[in-house]
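Asks:
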Amino acid sequence: MFEDKIEAMNKLPNAVDDSSGFEKRVYTVEEIMDILSIGKNTAYALVNSGVFHFVKVGGHYRISKKSFDRWLDNMDSESSGCQVCD
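No gaps in the numbering here: position 81 of the sequence shown is 81 in UniProt numbering, and each next residue is one more.
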């Protein structure tokens, strides 16, 4: 399910710049919300929980696609499941 959303997102016109060949390397909080089907407060709590890398640029969060995807892939193998429930 999540993988389908990520794949579709990567196929969007702005996901890959055809002139440079660079692939999308960061997600926005809004994209995280869409991928996980969660609300804004939960998304920000998850970002600030430290389970994946992010940077704040001009007041906007940019989440490392690589670390987010790795975290999401490992969710199947983790027992607790909830990262922001504590």
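Ideal Cβ placement from N, Cα and C applies to all residues, glycine included.
In this text the structure is predicted, and so the values were computed from the model without any measurement.
Y61 bridges to which residues according to DSSP?
Replies: Per DSSP, K56.
Asks: By the 10 Å Cβ neighbour count, where 16 or more other Cβ atoms means buried, how is F68 classified, buried or exposed?
Replies: The residue in question, F68, is buried, as its Cβ has 16 or more Cβ neighbours within 10 Å.
Asks: Can you give me the Cβ contacts of V47 inside the same chain, cut-off strictly under 8 Å, excluding the 5 residues immediately before and after it?
Replies: For V47, where only same-chain residues beyond five positions count, the Cβ hits under 8 Å are V29, I32, F54, Y61, I63.
Asks: Using only alpha-carbon positions, find the residue among K11, M9, F52 that is nearest to M75.
Replies: Residue F52 is the option with its Cα nearest to M75.
Asks: Can you grab the Cα-Cα spacing for the pair S37 / G59, in whole Å?
Replies: Between S37 and G59, the C-alpha separation is close to 23 Å.
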